[in-house]
Amino acid sequence: MTHPEWLDDFVAAAPRMPVPPLLRPTASARAAAVLILFGDGVNGPDILLTERAATLAKHAGQPAFPGGRIDPEDDGPVDAALREAWEEAGVQASGCDVIGVLPELYLSRSDYRVTPVAAWWREPSEVSPGHPGEVATVARVPIAELVDPANRLTVRHPSGMKLGPAFKARGMLVWGFTAGLLTQVLAAGGWDRPWDADHVEDLPPEVLNLAARG
């Protein structure tokens, strides 16, 4: 298994990534996995993100890492993460080298305990939404774009409650669980740059309406 030097710090830090108390899973939560897929793109190192279809009943319109529940036929979280990446984005598992399995995180809104699986995209395949009814967009987002302070903000509910960090990238607003995990990933890899956490914006009405579905 090989990976480029720019991933060395992440590979060393990822297994020890801290889990905040609110994200510690419950034993009864359903098992799921997501794939954090690193590649070398035309604009430098990047991470694969999807945007869920606006027609879904849950997590509609939200940017996310490819992933989903671990099915009985899956051989654990690694198998599930790679399968979901194939189904959602057309990622060929044969071109991916798994470089780490991160600690489980709790997604309380849907009662999932999520295992993030990190992989190096040794042989990138063409990607596109695998099922238009589930995935609207697939994007290779440059790490440089994600850590650009101009693309970072804190999002707030119209009630005034701060919801956490967010990113503006490739026309998407990445927030919630995905943005929280992405923040930890960027810090673990040593790519993070100082940004203004006091730059706060309300969630746009269209995002808020989709999130209200569940």
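Residue numbering for the sequence shown follows my numbering, beginning at 915 and increasing consecutively. We put the beta carbon where it would ideally sit given N, CA and C, even for glycine.
- Within the same chain, and ignoring the five residues on either side of residue 1042 in sequence, the residues whose Cβ sits closer than 8 Å to its Cβ are 1003, 1004 and 1052.
- The bridge partners DSSP lists for residue 1086 are 1083.
- Here residue 1016 really is in contact with residue 928; their C-beta atoms are around 5 Å apart, less than 8 Å.
- Distance check between residue 964 and each of 987, 1067 and 1086 places 1086 closest, using alpha-carbon atoms only.
- Between the segment 1019-1026 and the segment 930-944, the count of C-beta pairs closer than 8 Å reaches three or more; the two stretches touch.
- Following the DSSP letters along the chain, one finds residue 1104 in no alpha helix (DSSP H), marked with neither H nor E.
- Note that the C-beta distance between residue 1108 and residue 1094 is not below 8 Å.
- Of all C-beta pairs linking the segment 1063-1075 to the segment 1027-1039, fewer than three are shorter than 8 Å, placing the two stretches out of contact.
- Residue burial annotation: residue 998 is buried, with at least 16 other C-beta atoms found within 10 angstroms of its C-beta.
- The continuous beta strand (DSSP E) containing residue 1035 extends over residues 1026-1035.
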